[in-house]
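Chemist:
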Amino acid sequence: MTPTRSAPRPVTGRRRFLIVAVAAALAGGLVPPSGADAAAPAPTAPTASASPMPGSTSPTPGGTSPTPGSTSTQPLTVRVDPGLAAPRLPIDPVGRLGTDRQVGVVAGPDGRPAGLVLDEVMVRVSDPTELDAFLARWGGQVLDSFPPDRQGQDHLVRVDAARADPAGLVADLLAAEPHQSGAYRVGDERALRLLALAAAEWRAGTELVLDWLVEPAGIADGEVFEAPDIATNVFDWSFMRAGGAMDTGVAPAWQLLQSKGKLTKQIKYLVQDGGFQHNPDFPNSVSLHAAEWGEANVNDCTNGTPCPWHATNVVLAGMGRVDNGYGTAGPAGPVVDELVAVRNGIDYWTVLRRLEKAAEQTRPDVVNLSFTRDVNIGTKHARTWTDRRMKHVRDTGALIVASAGNYAQNVDTGTLWVPCESTHVMCVGGMRSNAMLAADSSFGTSDVPTSVEIYGPMCVRGLVHAGNPADGTTTPDSCGTSVAAPFVGGVAALVMAADPDLTASQVRDLLNDTAHVGGLGATVTGSQRRIDALAAVAAALGVKVGKPTVTISTPKTGQKVGVGQSVDLWGTATDFLGKEIPLTWTSSRDGVVATGSQTFVPALSAGTHVITASATDSLGRTGSAAVTVTVVDGPTTAAIISPPAGLALPAGQSVGLLGTSHDPDTFGPVPDAEASWTVRRGNTVVLQKTHHQALLPAATVTPGTYTVTFTAGGTSVQRAFTVTSVPAGQSRPTATITKPTSALTVTTIGSEVSVALAGSGTDAEDGAISGTRYRWTAHGDGGAKKVLCQGSAVPTGGPIGDVVIPKSCASFTAQLDTLDSGNATTTWSVWLEVFDSTGLVGTDSVPVLIQHLTP
953 MTPTRSAPRP VTGRRRFLIV AVAAALAGGL VPPSGADAAA PAPTAPTASA SPMPGSTSPT
1013 PGGTSPTPGS TSTQPLTVRV DPGLAAPRLP IDPVGRLGTD RQVGVVAGPD GRPAGLVLDE
1073 VMVRVSDPTE LDAFLARWGG QVLDSFPPDR QGQDHLVRVD AARADPAGLV ADLLAAEPHQ
1133 SGAYRVGDER ALRLLALAAA EWRAGTELVL DWLVEPAGIA DGEVFEAPDI ATNVFDWSFM
1193 RAGGAMDTGV APAWQLLQSK GKLTKQIKYL VQDGGFQHNP DFPNSVSLHA AEWGEANVND
1253 CTNGTPCPWH ATNVVLAGMG RVDNGYGTAG PAGPVVDELV AVRNGIDYWT VLRRLEKAAE
1313 QTRPDVVNLS FTRDVNIGTK HARTWTDRRM KHVRDTGALI VASAGNYAQN VDTGTLWVPC
1373 ESTHVMCVGG MRSNAMLAAD SSFGTSDVPT SVEIYGPMCV RGLVHAGNPA DGTTTPDSCG
1433 TSVAAPFVGG VAALVMAADP DLTASQVRDL LNDTAHVGGL GATVTGSQRR IDALAAVAAA
1493 LGVKVGKPTV TISTPKTGQK VGVGQSVDLW GTATDFLGKE IPLTWTSSRD GVVATGSQTF
1553 VPALSAGTHV ITASATDSLG RTGSAAVTVT VVDGPTTAAI ISPPAGLALP AGQSVGLLGT
1613 SHDPDTFGPV PDAEASWTVR RGNTVVLQKT HHQALLPAAT VTPGTYTVTF TAGGTSVQRA
1673 FTVTSVPAGQ SRPTATITKP TSALTVTTIG SEVSVALAGS GTDAEDGAIS GTRYRWTAHG
1733 DGGAKKVLCQ GSAVPTGGPI GDVVIPKSCA SFTAQLDTLD SGNATTTWSV WLEVFDSTGL
1793 VGTDSVPVLI QHLTP
């Protein structure tokens, strides 16, 4: 069904407006609960960007040029984005001059917007002279000040940001904060110039702070609470939560809006009703039109039931404030900027006359009429008159939402039900907590714009004593289509907050298109749409609300590991809010094996495993991904030659990584691309490299216990080594192998080869270290170890008084053997250790590969 579209809303003010007009006079209103009812892309503006020119450091209004040498992964730019809407929040006045404070917006590279007060900064000065200079530079006026302390004084200053030149913004910002990069957006030129002013002052060293707006807390956490008598979290209320029979999704819709920076006070909400009694659940800003606080509703509701504070419960059903520890909560609570309270009337003329006048004055987004009237004579003219009056209201830019009535009647008969059956109205019925049609709610049997179009909760929480603001005790018995209508109107307000550019007819279409369909029962043969706030808000934001997205980066599908080898389990899971959520890892053979995004399983049983990573979001939806891993008894042979077993060395020197592999299927090593290294310090990964040979950089080698994992052809082996701290006041020696200077490959037809070796050592305290303090050791396949040369002064732990014949190992020729490793190449890692006078050791290593040729 496509409802008749309303005219586009004219832009006449800074805020969008929501009106909920409720008149209980004409047979509408709240009904007593019974049965299950009681139980339950914008235009692009000029861009400021980095320019490689030298700059000044004076904070002049004309700006400065960039400082050479600043680097970033993405150039820093700042541009005006007219489509970036500032938060529409009322800012308290301050001082005599700060009575017209306005809000701007800045969005960083991550896209999240943040509000700030325009034309104001907080500045720290050491003396009045410094303050006077600042005020002179920027045409400033002090709005307020903290008492001075010994070091200076903090002032809130209104500035003339027009004096700032945006051309110098990027250069000044990079000069002050060289790490800055990426694309920034501001809502208008005033915000751009305010940033330029601040950047110029920051570059000069001024202690200056922008007056940012704080963001609300509580909703993003998924926990908000109201009156103390309500034990459960609002996110668990049946008519607010996602899931369950009604599945309205209001609470997660709040979270989604907040994740996008849209959960801000920006909607004006008008209620036309009787019985307004102010309480803490009302918006901060309220204006009264022909109404007075504490003036009870003189009209009875359905079946003559007195409802003196009908307006109060209607306000709470649509926009009760959230997470304030009082009363209840309504869908639009987090986004309502102002409530306009308009007194109702007794006759239809008076009701709609007042409604039109209020709508023309306030330019509403949504009009909610929680009343109904059945007309059995003169229906043609009543329909025409009603349509004309409703069109006037609609042409102010409003989406009109009206209650279907509490008569359990089919509205698609000869009787005219006004205003429900107007083509310009979205008529709302009521559903029970089990999502079936509520017993008293009227309904439709035709799916057309002049029938009941959508259904909301028939019963919500209201105040037991709405006339007594001191008593916030609630009751689940606030029931009727007159609460279902403002509830749906509240969801419309959330959609408008998500996308302020939507027209009223587009919002109406979106509510219909995203609604749940079905479940109301066989009586309803017309529209069976049930409100779905989460789906509607997500559609307005262009966000897909689905199962969590799960990816597995390690292990790779088809990977083979040996029995007893640990298996890294790395993956990510994000929910519809873009937040990372925990992963659970299961094996088809071994069950649950681990939890977390970066973890491992010590060993898997032999055989083929389907490894599944799964995550469940706050809506109870589970996403997963899977890979296949085979644990085999005869995998490719892999070995670590370097680092050698038992290695312990001081921090700050590189460690050569050298591994060998043998693929029994190819009778040789696996390709370099299939060999990789992972080095952990404790549980932290410090290096990941491919190939049989790699280097752990010196800067990475800090004190701790390291685990080296070498993987080749799906087989992994591990070795540990230890890095110790250099004693305070000392420095370790530096060892350097000068021959060969890099990996050496030699060939032979014999069983050994001669290799010329030379090295040097230096120390900050000892200077050049003699070759008598050098030791050369070769480590080879199969754990082979061979001391090639040990200088006479190398510490051995023996008696100091022994007679030692001097021996230098600065240069010599060593004999290296070929080994039976299964490959045609024998791999050695030759290590040089240089000891200083305190016994500290510096190391260096070089690979030597001996290729054995068959004669």
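Using the numbering used here, you'd call the opening residue of the sequence shown number 953 and step up by one each time.
Each residue gets a CB set at the ideal place from its N, CA and C atoms; glycine is no exception.
Restricting to runs no shorter than 3 residues, where is the beta strand (DSSP E) found entirely within the region 1233-1271?
Modeler: 1238-1241
Chemist: By how many angstroms is the C-alpha of valine 1515 removed from the C-alpha of alanine 1558?
Modeler: 6 Å
Chemist: Mapping the DSSP letters down to three states, classify valine 1176 as helix, strand or coil.
Modeler: Since pLDDT at valine 1176 reaches only 46, below the 50 mark, its modelled position is unreliable, and the value read off the structure follows with that caveat. Residue state for valine 1176 is assigned as coil, using DSSP reduced to three classes.
Chemist: Within 10 angstroms of its Cβ, does lysine 1214 collect 16 or more other Cβ (buried), or is it exposed?
Modeler: buried
Chemist: Starting from the Cα of glycine 1548, find the closest Cα among Asp1542, Leu1521, Leu1529 and give me that residue.
Modeler: Leu1521
Chemist: Out of curiosity, what's the CA-to-CA distance linking proline 1235 and serine 1398?
Modeler: 38 Å
Chemist: List the residues that DSSP assigns as beta-bridge partners of tryptophan 1537.
Modeler: Ala1546, Ala1565
Chemist: Taking DSSP's pairing of strands, which residues face phenylalanine 1395 in a bridge?
Modeler: For phenylalanine 1395, which the question treats as bridged, DSSP gives the partners Asn1362.
Chemist: Measuring only the C-alpha atoms, how far is glycine 1815 from glycine 1791?
Modeler: This structure cannot settle anything about residue 1815, because the visible part of the chain is limited to 953 through 1807.
Chemist: Assuming asparagine 1464 is part of the beta strand (DSSP E), what are its boundary residues?
Modeler: Not the beta strand (DSSP E): asparagine 1464 falls in the alpha helix (DSSP H), residues 1456-1466.
Chemist: CA-CA distance, histidine 1333 and methionine 1342?
Modeler: 14 Å
Chemist: Taking Cβ positions, are leucine 1095 and glycine 1047 nearer each other than 8 Å?
Modeler: yes
Chemist: In terms of residues, what are the limits of the beta strand (DSSP E) holding valine 1353?
Modeler: 1351-1355
Chemist: Return the CA-CA distance between aspartate 1796 and alanine 1680, expressed in angstroms with no decimal places.
Modeler: 23 Å
Chemist: Mark isoleucine 1593 as exposed unless 16 or more other C-beta atoms lie within 10 angstroms of its C-beta, in which case mark it buried.
Modeler: buried
Chemist: Are at least three pairs of beta-carbons, each pair with one atom in the region 1261-1269 and one in the region 1218-1238, less than 8 Å apart?
Modeler: yes
Chemist: With three or more beta-carbon pairs closer than 8 Å as the criterion, would you say the region 1371-1389 touches the region 1425-1441?
Modeler: The region 1371-1389, when compared against the region 1425-1441, does touch it at the 8 Å Cβ threshold.
Chemist: Are alanine 1310 and valine 1288 touching if we call contact CB-CB under 8 Å?
Modeler: no
Chemist: Skipping 5 residues on each side, what residues in its chain have a beta carbon closer than 6 Å to that of leucine 1801?
Modeler: Thr1697, Thr1777, Thr1779
Chemist: Measure the beta-carbon distance from aspartate 1033 to valine 1138 and round it to whole angstroms, keeping in mind my assumption that it falls under 8 Å.
Modeler: At roughly 7 Å, the Cβ-Cβ gap stays under 8 Å, so aspartate 1033 and valine 1138 are in contact.
Chemist: Going residue by residue through the region 1593-1657, where are the continuous beta strand (DSSP E) segments of at least 3 residues, counting only ones entirely within it?
Modeler: 1600-1602, 1607-1614, 1627-1633, 1636-1642, 1645-1648
Chemist: Which residue spans inside the region 1392-1450 form an unbroken alpha helix (DSSP H) run of at least 4?
Modeler: 1433-1450
Chemist: Using a 10 Å radius around the Cβ and a threshold of 16 neighbouring Cβ atoms, would you call aspartate 1225 buried or exposed?
Modeler: buried
Chemist: Report the partner residues of glutamate 1532 according to the DSSP bridge assignment.
Modeler: Thr1526
Chemist: What does the alpha-carbon distance come out to for the pair arginine 961 and alanine 1127?
Modeler: Because the pLDDT of arginine 961 is 33, which lies under 50, any placement of that residue in the model is unreliable, and the number read from its coordinates should be weighed accordingly. About 45 Å.
Chemist: Using a threshold of 8 Å, state whether the C-beta atoms of proline 1507 and aspartate 1569 are closer than that.
Modeler: no
Chemist: What three-state label does DSSP hand phenylalanine 1764 in the structure shown?
Modeler: strand
Chemist: My understanding is that threonine 1630 touches valine 1622, with C-beta atoms under 8 Å, so please give their C-beta distance in whole angstroms.
Modeler: Contact doesn't hold; Cβ gap of about 16 Å is too wide.
Chemist: On the DSSP bridge assignment, give the partners of histidine 1107 in chain order.
Modeler: Under DSSP, the beta-bridge partners assigned to histidine 1107 are Val1075, Ser1097.
Chemist: Just how far apart, CA to CA, sit glycine 1408 and threonine 1503?
Modeler: 37 Å
Chemist: Between arginine 1481 and valine 1469, how many whole angstroms is the CB-CB distance? I'm expecting something under 8 Å.
Modeler: Their Cβ separation, rounded to whole angstroms, is 6 Å, which keeps arginine 1481 and valine 1469 in contact under 8 Å.
Chemist: With contact counted as at least three CB pairs below 8 Å, one residue from each stretch, are the region 1071-1083 and the region 1102-1112 in contact?
Modeler: yes
Chemist: Buried or exposed for leucine 1268, going by 16 or more other Cβ atoms inside 10 Å?
Modeler: buried
Chemist: Give every residue of the same chain whose Cβ lies closer than 7 Å to the Cβ of glutamine 1511, excluding the five residues on either side of it in the sequence, and list them in chain order.
Modeler: Val1581, Gly1666
Chemist: Tell me whether histidine 1376 sits in a helix, a strand or coil according to DSSP, three-state version.
Modeler: coil
Chemist: If I follow the unbroken beta strand (DSSP E) through aspartate 1326, where does it start and stop?
Modeler: 1325-1327
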